[in-house]
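Letter by letter, the sequence shown follows residues 394 to 936 in our numbering. Okay, structure first, notes after.
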Amino acid sequence: MSPTAVRPRGDSPHHGVSWVRSPALAFGHGALSSRLLGLAAPGGAHRWILPLMMALLGGVLRFVRLGEPGTLVFDETYYVKDAYSMLQSGYERAWPEDANDSFNAGNPDVLLDSPNYVVHPPVGKWMIAFGMLLFGSDNAFGWRFSAALVGTLSVLVLALVAQRMFGSALLGGAAGLLLAVDGHHLVESRTSLLDIFLSFWLLLAFAALLLDRDDGRRRLARRLASLAGQRDDGVPAPRQLAYGPFLGLRPWRVAAGICLGLALGTKWSAIPFIAAFGLLTVAWDMSARRIAGVHHWVLGGASKDGLLAFVSLVPVALLTYLATWTGWFRSTDAYDRTWAATNPADGWRWVPDGLRSLAEYHRSAYTFHQGLGSDHPYEASAWSWLVVGRPTSFFYETPGGCGTDSCSQAVTVLGNPLIWWSAALSLVVLLFFWIGRRDWRAAAVLTGVAAGYLPWFLYPERTTFYFYAVAFEPFLVLALVYCLGLVLGGRGADAARRRRGIVLVGVFLAAAVALSAYFLPIWTAEIIPYDQWRSRMWLPSWI
394 MSPTAVRPRG DSPHHGVSWV RSPALAFGHG ALSSRLLGLA APGGAHRWIL
444 PLMMALLGGV LRFVRLGEPG TLVFDETYYV KDAYSMLQSG YERAWPEDAN
494 DSFNAGNPDV LLDSPNYVVH PPVGKWMIAF GMLLFGSDNA FGWRFSAALV
544 GTLSVLVLAL VAQRMFGSAL LGGAAGLLLA VDGHHLVESR TSLLDIFLSF
594 WLLLAFAALL LDRDDGRRRL ARRLASLAGQ RDDGVPAPRQ LAYGPFLGLR
644 PWRVAAGICL GLALGTKWSA IPFIAAFGLL TVAWDMSARR IAGVHHWVLG
694 GASKDGLLAF VSLVPVALLT YLATWTGWFR STDAYDRTWA ATNPADGWRW
744 VPDGLRSLAE YHRSAYTFHQ GLGSDHPYEA SAWSWLVVGR PTSFFYETPG
794 GCGTDSCSQA VTVLGNPLIW WSAALSLVVL LFFWIGRRDW RAAAVLTGVA
844 AGYLPWFLYP ERTTFYFYAV AFEPFLVLAL VYCLGLVLGG RGADAARRRR
894 GIVLVGVFLA AAVALSAYFL PIWTAEIIPY DQWRSRMWLP SWI
């Protein structure tokens, strides 16, 4: 609680300046809102202009020549064919050995009657199937449409997220631009693997939690101000300030739970995000209660926000995840669908057979993942991801048509080095701002990176790839934009400081765009002379 208002005496050097406020003013709705919500995002219709422009740029880069190459590349051989199978049957069926040749020739209808054993949940494959439903299963544009769509939408969402976090339309636009032109995100947006869909749902979940953060603080301001207004002194009663009010069920948090369930239904690597985002959102609520003047803000946040947060996120995510298996549940011959009928368990008869069969399927898939350690020419340890140590080659051929004897056509998951190396350094800066200044934005960005990155170090023997990093790439971009904001200067900076900051940020963004233009041919399967491809392989480990 703030001290009683005092105005310095006339002989004070601060004569006429009121530097202490009344407790009654501290609990007014306006004062609470100002303290809790802090820096406001740009308002009005113009806040959409830069995000939409960046999404348009991202869409052009992702959709133009999307059908090149016109064959299944890398792990599309699994997920695109599974998606077609799900369109036909609602679950994954097996394929003959020469299925790729038939699929590439525009004849996908060679499915076998037997079920196929797969180790990833169905959401990403259903999303691929959506594009095939719209544009056909006999062409690469159809089976890559959904990846390009969610990649483009990710640019829009990230620009809006950055705009809200940093209170700047310019920084929001910078975030959208960096994601739009980065080769790592671009290639995965042009290829039907599962990871781009995982990244999309995780980003949406974070955006929903960011909206919930604002909504929860508005609710807290209204309810505390209402309690204060019922008393003569304009301050809530001590018992009301002990733990603070209940804020009720919050729809944006439920929406985040649904998005996390869909992320989990794409890949199990979403699990750390569920835990990390759950802790993050409760920490935000605890901080809000502390700032508002609640005395026992840790216990208040845990008891009055934490329990509802858990219900809104974890059970909602799990129910959503189960719902994504509807096609498997409705079938009679999907893989392991009738396992429970032939494997009775006396102690578990109360569990429906369908759930017991699904549990066995999950046990088997988990065992598969644990033992996944075969050698691959493009495997990359997690240690190398942030420095782009070993990019993944999705496609490489040596066709003619470039005007020289030796030509190259490549699709390489290679992040823009300027963006990735700068983002890696930015993480160190964010650590200092989180520890030194308790900046919630730095903590939020680091949480997203940690949830997507650190768990991979627990499996040093497992075969991993650089392209997995797309799950947390939006948070790397946010880290970089955070530092660009420091270069730009705060709202209190003088005009000369702001001009220098704008020039430096502008030069950096222009350099990033120019470098992306340089690497674009090896991201989008353009046919170029071999010497030009080789000149883009800066490090021996990139080949």
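The beta-carbon is built from N, C-alpha and C at its ideal position, and this holds for glycine as well.
8 Å contact criterion, which residue i and residue j should meet: CB distance rounded
i: T584; j: G452; result: With 8 Å as the limit, T584 and G452 do not qualify as a contact, their Cβ atoms being about 16 Å apart.
i: L443; j: A573; result: About 11 Å; that fails the 8 Å criterion.
i: A600; j: V548; result: Their Cβ separation, rounded to whole angstroms, is 13 Å, which puts A600 and V548 out of contact at 8 Å.
i: V863; j: D588; result: 5 Å
i: A630; j: L425; result: That pair is no contact at about 16 Å.
i: A905; j: L811; result: 5 Å
i: D605; j: T713; result: That belief does not hold up - the Cβ atoms of D605 and T713 are roughly 17 Å apart, past 8 Å.
i: A685; j: G637; result: 7 Å
i: A816; j: L873; result: 4 Å
i: A635; j: G627; result: Their Cβ separation, rounded to whole angstroms, is 18 Å, which puts A635 and G627 out of contact at 8 Å.
i: T785; j: F858; result: 5 Å
i: T791; j: P922; result: Their Cβ separation, rounded to whole angstroms, is 11 Å, which puts T791 and P922 out of contact at 8 Å.
i: K518; j: M558; result: Wrong, their Cβ atoms sit about 32 Å apart, outside the cutoff.
i: A702; j: G671; result: 6 Å
i: S777; j: T856; result: Contact doesn't hold; Cβ gap of about 14 Å is too wide.
Residue i - DSSP class collapsed to helix/strand/coil
i: A498; result: coil
i: S928; result: helix
i: T674; result: helix
i: E866; result: helix
i: R486; result: strand
i: T725; result: coil
i: V781; result: coil
i: F593; result: helix
i: K660; result: coil
i: I936; result: coil
i: P444; result: helix
i: P638; result: coil
i: W645; result: helix
i: S395; result: Note that S395 scores 37 on pLDDT, short of 50, meaning its location in the model is unreliable and no value can be drawn from it.
i: R891; result: helix
i: L459; result: coil
i: T840; result: helix
i: A831; result: With the sequence shown as reference, residue 831 is identified as Arg, and Ala is not the correct amino acid for it. Three-state DSSP puts R831 in coil, outside helix and strand.
i: W718; result: coil
i: L425; result: helix
i: G654; result: helix
i: D491; result: coil
i: L449; result: helix
i: L465; result: coil
i: V822; result: helix
i: P631; result: helix
i: G403; result: At G403 the pLDDT is 38, less than 50, meaning the model places this residue with poor confidence and gives no usable figure here.
i: T545; result: helix
i: V410; result: Summary for V410: the model assigns pLDDT 44, below 50, so the residue's position carries little reliability; its value from the coordinates is reported in the next sentence. Looking at V410 - three-state DSSP - the assignment turns out to be coil, as it is neither helix nor strand.
i: P792; result: coil
i: V503; result: coil
i: G431; result: coil
i: H688; result: coil
i: S561; result: coil
i: Y472; result: helix
i: Y378; result: Residue 378 cannot be examined here, being either before or after the span of the chain that is shown, 394 to 936.
i: S680; result: helix
Counterpart residues of residue i in DSSP-defined beta bridges
i: P922; result: C800
i: T805; result: S786
i: R884; result: The partner list for R884 (beta bridge, DSSP) is empty, contrary to what the question assumes.
i: P508; result: R486
heavy atom of the ligand ADP below 7 Å from residue i C-beta
i: A541; result: This structure lacks the ligand ADP, and indeed carries no ligand of any kind.
Quick one: complete alpha helix (DSSP H) runs, 4+ long, within the segment 727-777? The qualifying runs are 732-735 and 746-763.
Assess, as a yes-or-no matter, whether the segment 823-833 is touched by the segment 804-814 under the definition of 3 or more beta carbon pairs within less than 8 Å. Result no; under three Cβ-Cβ pairs closer than 8 Å.
Whole alpha helix (DSSP H) elements within the segment 513-540, 4-residue minimum: Restricted to the segment 513-540, the alpha helix (DSSP H) segments that are unbroken, complete and at least 4 residues in length are 516-528, listed in chain order.
Okay, do the segment 506-513 and the segment 474-484 touch, 3+ Cβ pairs below 8 Å being the bar? Segments in contact, yes.
Whether or not the segment 417-431 and the segment 491-508 are in contact is what I'm after, with contact meaning three or more pairs of Cβ atoms, one per stretch, closer than 8 Å; do they touch? No, the segment 491-508 does not touch the segment 417-431.
Are three or more beta carbon pairs between the segment 458-466 and the segment 912-923 nearer than 8 Å? A contact exists between the segment 458-466 and the segment 912-923.
The segment 723-738 / the segment 665-677 touching (three or more Cβ pairs under 8 Å): Touching, no.
Report yes or no: do the segment 530-542 and the segment 842-850 share at least 3 C-beta pairs separated by less than 8 Å? By the C-beta criterion, the segment 530-542 is judged not to be in contact with the segment 842-850, since fewer than 3 inter-stretch pairs fall below 8 Å.
Ignoring anything shorter than 4 residues, give me the alpha helix (DSSP H) runs that lie fully in the segment 565-628, in order along the chain. Every alpha helix (DSSP H) of 4 residues or more that sits fully in the segment 565-628 is shown, in chain order, as 576-582 and 588-622.
If we count Cβ pairs, one from each stretch, closer than 8 Å, do we get three or more for the segment 632-652 versus the segment 688-708? Segments in contact, yes.
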